[in-house]
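Student: My questions will all concern the structure given below.
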Amino acid sequence: MPNERNLEEKRKLVRCWMINPDGEGRWRFVELEAFRLWEYVMTHKHGMTIRDLSMCLWVPDTLFQQNSAMFKEAGTVTPVNQVTIERYDPNYGFYHLIQRYCLAEDTETMIHRLRDHIAQQTGSRHSWNLHASDGWGIEPNVGELVEPIALGLA
């Protein structure tokens with residue numbers, strides 16, 4: 003089991019609008035460090051269109067509740083949940099922790115899709131654990147102060 007502190011960390015995310023080849027769109031939240039690789043895979047392998055990028059800070063619900071006045075003043079606040087996949091891989095002999103983020107209203111759909119996907123890959127429902135943590139996405143009120151290129155988004 004991971005250290006509880008790891009699950010309570012704030013995360014820098016990129017919020018973007020993703021449009022599938024059928025023209026259906028939805029908001030996605032991707033960790034800043036992984037965004038460019040994720041964007042490449044989504045556009046080149048899956049034919050998605052990615053647009054309307056903005057920075058977002060994810061905070062767990064417990065931290066948000068302790069500082070809600072400050073966070074609400076900082077920017078636009080949206081319920082965003084963290085979905086965590088914990089998996090021990092016997093082939094490599096180590097533990098994986100993968101975290102994904104979605105609008106709170108999309109959490110059950112994401113969990114269902116991840117369960118199906120992981121079960122197909124591993125062939126087992128016993129070598130992994132999946133759970134969601136309530137949280138909030140805070141999109142700062144910075145307007146045009148931050149250039150997209152400064153964030154590596156241009």
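Numbering (the working numbering), first residue to last: 3 to 156. C-beta: ideal position from N, C-alpha, C; glycine also. Owing to the predicted nature of the structure, the values given are computational and were not obtained by experimental measurement.
Give the list of continuous alpha helix (DSSP H) stretches no shorter than 4 residues that lie fully inside the region 64-108.
Tutor: Counting only runs of at least 4 residues, the region 64-108 fully encloses the following alpha helix (DSSP H) elements, listed from N- to C-terminal order: 70-76.
Student: I believe D108 touches D63 by the beta-carbon criterion, under 8 Å. Please report the beta-carbon distance rounded to the nearest angstrom.
Tutor: As a first step, residue 108 is located in the sequence shown; it is residue number 106 there, counting from the start. As a first step, residue 63 is located in the sequence shown; it is residue number 61 there, counting from the start. So it is not a contact: roughly 17 Å between Cβ atoms.
Student: Given a cut-off of 9 Å on the beta-carbon distance, is the pair R102 and Q84 in contact?
Tutor: On the sequence shown, position 100 is the one that residue 102 refers to. On the sequence shown, position 82 is the one that residue 84 refers to. Yes, the pair counts as a contact, with Cβ atoms nearer than the cut-off.
Student: Checking 9 Å against the spacing of the C-beta atoms, do L99 and T86 come in under that value?
Tutor: Within the sequence shown, residue 99 is the residue found at index 97, counting from 1. Within the sequence shown, residue 86 is the residue found at index 84, counting from 1. The Cβ atoms of L99 and T86 lie closer than 9 Å to each other.
Student: Can you tell me which residues form a DSSP beta bridge with R30?
Tutor: Working through the sequence shown from its first residue, we reach residue 30 at position 28. The partner list for R30 (beta bridge, DSSP) reads C18.
Student: Does DSSP put E141 in a helix, a strand or coil?
Tutor: Start at 1 with the first residue of the sequence shown, and residue 141 comes out as number 139. It is a strand residue.
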